[in-house]
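**Q** Just passing along the structure, written as structure tokens.
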Amino acid sequence: IIIEIIEDDMAVRSNFEFSSERKNLIKDVNLKKKIQLGISKLKEKVLINENIEEKIRENLNLLP
Numbered sequence: 014i015i016i017e018i019i020e021d022d023m024a025v026r027s028n029f030e031f032s033s034e035r036k037n038l039i040k041d042v043n044l045k046k047k048i049q050l051g052i053s054k055l056k057e058k059v060l061i062n063e064n065i066e067e068k069i070r071e072n073l074n075l076l077p
């Protein structure tokens with residue numbers, strides 16, 4: 014669903030792409046915290062379920 018929203022909303026997509034191009038997101042010391050906050054917001058809006066959350070958190074542990 015998130016991918017569909019980003020693909021359908023050009024303003025959101027452009028902002029995301031611009032932000033990610035300007036920064037090296039992996040080097041951001043607050044990246045994990047920001048992703049966890051995003052997970053919480055997506056769960057509040059029922060855009061992700063427990064399975065998706067679990068997969069994101071598993072991959073989050075792969076970050077340095």
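Residue numbers (my numbering): 14 to 77.
Using N, Cα and C, we set each Cβ at its ideal position, and we do this for glycine too.
On a predicted model such as this, the values are computed, not experimentally measured, just so you know.
Does DSSP put residue 68 in a helix, in a strand, or in coil?
**A** Along the sequence shown, one-based indexing puts residue 68 at 55. Note: residue 68 maps to helix in three-state DSSP.
**Q** Out of 75, 70, 76, which one is the CA nearest neighbour of residue 50?
**A** Locating residue 50 in the sequence shown gives position 37, counting from the first residue. It is 70.
**Q** Throw me the rounded Cβ distance for the residue 56 and residue 73 pair, which I believe falls under 8 Å.
**A** Your numbering for residue 56 matches position 43 in the sequence shown. Your numbering for residue 73 matches position 60 in the sequence shown. That belief does not hold up - the Cβ atoms of residue 56 and residue 73 are roughly 14 Å apart, past 8 Å.
**Q** Alpha carbon to alpha carbon, how far is residue 66 from residue 40? Give it in angstroms, no decimals.
**A** To locate residue 40, count along the sequence shown from 1; it is residue 27. To locate residue 66, count along the sequence shown from 1; it is residue 53. If you take the alpha carbons of residue 40 and residue 66, they lie about 23 Å apart.
**Q** Taking C-alpha atoms, which residue in 24, 43, 62 lies nearest to residue 77?
**A** Counted from its first residue, the sequence shown places residue 77 at position 64. Among 24, 43, 62, the Cα nearest to that of residue 77 is on 43.
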